[in-house]
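Numbering (the working numbering), first residue to last: 4 to 416.
Dropping the structure here:
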């Protein structure tokens, strides 16, 4: 009996390692497609429509697609496993990218707007990949495994935009509009990702996790209402989702307003690009270290460290004025604080949820991220338009401080 148990554990460990390798590689490829969409969507839509306002709807369409499709994919994972959900997500993203190619070729901006909503399925699936990677992780390395999948996203995000310009002459040589080239490359990236996961993610990690789990006394909760009930009944889940939402909202609000603030301070485009690159690097480059810290010291402690980073970032914004150095420091702190929040809260979501209810709760957390992005983008813009970046930064600092107090009180109960 002992031998059989050890053999089973060894087999599960092999499946887990293979799953991690597969998802790490596919996350890089999918990251290329996702980053291309983010890089060219607004400019392409504005070029087709002749309106900067309509162009701005491109990012909104991508976020809307991510938010609208996260829960359906979670429900599919609940019924059929991770493989089915991820393949469906990246297949829909492939369809969106192909439709974007057709839209650009036909110069139809309404069609492109629809295509970008479908394109958002790629980001929804990329987000859920981090949870698929930890279905079979032990408690002592769950956050580390999750953070490596996030780190893989960085590679794709760096490669994608740099390939976008090179695809235009290739597209023209093939007889389609040059601006359709980046979307054609994204379609290939998503199709390769869907195929690799469809072939390689066997056996399904979520189904194995459910087979090995001790069944909870409470029945499985299905749908949004069931997920919200699970979240409401768990202090850890309430802390995790609030932390995810706040870290994302604060990061998006401050980051999106930074280029405008720098340009008002007469910073060159080169300086703006350099500082934003530092921010993006800080968001993802340190995620493996953050993951190891979560596994060693606990998710709540790292979440509080993230709060300190976010408050320090906000105060640097508030006190920095037109100083490019202080804004750079603020952006780096903002990126690291966001990483601490995302990794620790995501790990807490998985740890606090049994295998039966995990997909629906994780899907709800991804919808929360998307909503927080919209709130941060719109809210940050309105506050800066009515007051200043300093006021926005101070509001962010106060909100994060209040949340940190909530985490401390929740932990003492």
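Ideal Cβ positions, reconstructed from N, Cα and C, are used throughout, including at glycine. The structure displayed is predicted, hence computed values, not measured ones.
Inter-residue distance for residue 191 and residue 93 is about 11 Å (C-alpha atoms, whole angstroms). Here the segment 255 to 262 does not lie against the segment 116 to 127, with fewer than 3 beta-carbon pairs under 8 Å apart. Fewer than three beta-carbon pairs drawn from the segment 383 to 394 and the segment 243 to 251 are found closer than 8 Å, and the two stretches are therefore not classed as touching. Comparing alpha-carbon positions, the option among 356, 145 and 163 lying closest to residue 40 turns out to be 163. Residue range 361 to 389 is occupied by the alpha helix (DSSP H) that includes residue 368.
By the C-beta criterion, the segment 310 to 329 is judged not to be in contact with the segment 196 to 203, since fewer than 3 inter-stretch pairs fall below 8 Å. In the structure shown, the three-state DSSP call for residue 22 is helix.
Separation of residue 271 and residue 338 (C-alpha to C-alpha, rounded to the nearest whole angstrom) is 22 Å. Following the DSSP letters along the chain, one finds residue 184 inside the alpha helix (DSSP H) bounded by residues 184 to 203. For residue 355, there is no enclosing alpha helix (DSSP H), as DSSP marks it with neither H nor E. Straight across, the Cα-Cα distance linking residue 52 with residue 373 is about 26 Å. Cβ contact annotation for residue 154 (same chain, cutoff 8 Å, sequence separation greater than five): 287, 288, 290 and 291, in chain order.
Take the alpha-carbon of residue 352 and the one of residue 61: they are about 30 Å apart. Per DSSP, the continuous alpha helix (DSSP H) segment holding residue 131 begins and ends at 112 to 135. The beta carbon of residue 285 sits closer than 6 Å to the beta carbons of 335, 338 and 339 from its chain, once the five residues preceding and following it are set aside; these are given in chain order. Nearest to residue 129 by alpha-carbon distance, out of 409, 215, 45 and 31, is 31.
Taking a contact to require three or more Cβ pairs closer than 8 Å, the segment 347 to 361 and the segment 138 to 151 qualify as touching. Here residue 19 is buried, its C-beta having at least 16 other C-beta atoms within 10 Å.
Here the alpha carbon of residue 43 sits roughly 25 Å from the alpha carbon of residue 371. Around the Cβ of residue 362, a 10 Å sphere holds 16 or more other Cβ atoms; the residue is buried. Its Cα nearest to that of residue 205, the residue 15 stands out among 15, 11 and 170. Going by beta carbons, residue 187 and residue 174 fall inside the 8 Å limit. The residues 358, in chain order, have a CB closer than 6 Å to that of residue 216 in the same chain once the five nearest residues on each side in sequence are set aside.
Going by DSSP, residue 288 is part of no alpha helix (DSSP H) at all; its letter is neither H nor E. Within the same chain, 33, 36, 93, 96, 97, 100 and 125 come within 7 Å of residue 193 by CB-CB distance, once the 5 residues on both sides are set aside. By the neighbour-count definition (other C-beta atoms within 10 Å, threshold 16), residue 342 is a buried residue.
Non-local C-beta neighbours of residue 45 in its own chain, meaning closer than 8 Å and more than five positions away in sequence, comprise 58, 59, 61 and 62, ordered along the chain.
With respect to residue 47, residue 230 sits apart: the two C-beta atoms are not nearer than 8 Å. Counting every other CB atom within 10 Å of its CB across the protein chains shown gives residue 300 a total below 16, marking it as exposed. In the structure shown, residue 139 falls within a coil segment according to DSSP collapsed to helix, strand and coil. For the set 118, 79, 214 and 177, the Cα lying nearest the Cα of residue 139 is the one of 214.
Secondary structure of residue 179 (DSSP, three-state): coil.
Of the residues 13, 113 and 311, the one whose Cα lies closest to the Cα of residue 54 is 113. Taking C-beta atoms under 8 Å as the contact rule, residue 278 and residue 330 qualify, at a distance of about 6 Å. In the structure shown, residue 268 adopts coil according to DSSP, grouped into three states.
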